[in-house]
């Protein structure tokens, strides 16, 4: 979106300060530092950033230049469906856990922990940091809700962990297509790979669901992709 010359200079200064503070962590990941330097102003001007740039825009408080405040939409929907005043674990937060930090600022109680093998451990925010990959063996006993915003490859593991550990789940899919077993794919008459992946997730969820824990896949206005949610039915409590 458009900004004045004065605003542009201010944004440039803030971005340079950001690189001075956190740039070395992006350099640890091949191509990441060069990418954010090349793409940052392109994405602000376009108003539709990808995930890595979106997290920086959030960190710098520049959401007003976006076509949509994606994090706001996600948080508001999460509030309405699950609530955020509880102990939360974000999986697949990426390098910069700015979504987790924003959620923590909106909590009246509870905590937020962000987990990713690439996350900046020295991140300055009121959140916990776990620099590890999320697996089925990850201890989630201290959390009330597992959530993710474009968690990518971790999606199926998050779903399985939710049922294995009886934990509520709330995630927005990333729009990518991931591993779908060949046998399952060949049994479906679906040409679109993303729709095939959705069907596969629905298949997994349906197999895992029970009277104790159920699920839904929803397309919510204001979000780009489907939300997967698992929860205990109201009549269970």
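Numbering (my numbering), first residue to last: 256 to 492. By construction, the Cβ of each residue, glycine as well, lies at the ideal position given by its N, Cα and C atoms. It should be emphasised that the depicted structure is a prediction, and the values quoted were computed from it without experimental measurement.
Check, Outcome
"With 16 as the cutoff for other CB atoms within 10 Å, does residue 423 come out buried or exposed?", "buried"
"Taking C-alpha atoms, which residue in 475, 358, 332 and 336 lies nearest to residue 344?", "358"
"Can you give the beta carbon distance from residue 389 to residue 346, rounded, assuming they're within the 8 Å contact cut?", "5 Å"
"State the start and end residues of the unbroken beta strand (DSSP E) segment that holds residue 368.", "366-370"
"In chain order, which continuous runs of the alpha helix (DSSP H) of length 4 or greater are located wholly inside the segment 388-444?", "410-419 and 437-442"
"Quick one: any contact between the segment 304-312 and the segment 281-292, if contact means 3 or more CB pairs under 8 Å?", "yes"
"Whose C-alpha, out of 386, 456 and 391, is nearest the C-alpha of residue 439?", "456"
"What is the residue span of the alpha helix (DSSP H) that residue 297 lies within?", "287-301"
"Tell me whether residue 403 is buried or exposed, calling it buried when 16 or more other Cβ atoms sit within 10 Å of its Cβ.", "buried"
"Do the segment 382-402 and the segment 441-451 make contact, defined as three or more Cβ pairs closer than 8 Å?", "no"
"Exposed or buried, what is residue 481 when buried is set at 16 or more other beta-carbons lying within 10 Å of its beta-carbon?", "buried"
"Do residue 374 and residue 352 have their beta-carbon atoms positioned less than 7 Å apart in this structure?", "yes"
"Pick out the complete beta strand (DSSP E) segments inside the segment 311-347, 3 residues or longer, and give them in chain order.", "342-346"
"Contact defined as beta carbons within less than 8 Å: I believe residue 303 pairs with residue 331. What is the distance between those atoms, to the nearest angstrom?", "Actually they do not touch by this definition, with Cβ atoms about 19 Å apart."
"Cutting at 8 Å between CB atoms, please list the residues of its own chain near residue 399, excluding the five before and the five after it.", "341, 342, 343, 365, 422 and 423"
"Just tell me which of 297, 289, 276 and 288 has its CA closest to the CA of residue 263.", "297"
"Can you tell me whether DSSP reads residue 473 as helix, strand or coil?", "strand"
"For residue 461 and residue 416, I'd like the C-alpha separation in whole angstroms.", "15 Å"
"Within 10 angstroms of its Cβ, does residue 382 collect 16 or more other Cβ (buried), or is it exposed?", "buried"
"Leaving out the 5 sequence neighbours to the left and right, which residues in its chain are closer than 7 Å to residue 271 when beta-carbon positions are compared?", "none"
"Is it buried or exposed, residue 260, if we count other Cβ atoms within 10 angstroms and call 16 or more buried?", "exposed"
"Starting from residue 486 and walking both ways along the beta strand (DSSP E), at which residues does that stretch end?", "482-486"
"Residue 397: buried (16+ other C-beta within 10 angstroms of its C-beta) or exposed?", "exposed"
"Who are the Cβ neighbours of residue 474 in its own chain at under 6 Å, not counting the five residues just before and after it?", "481"
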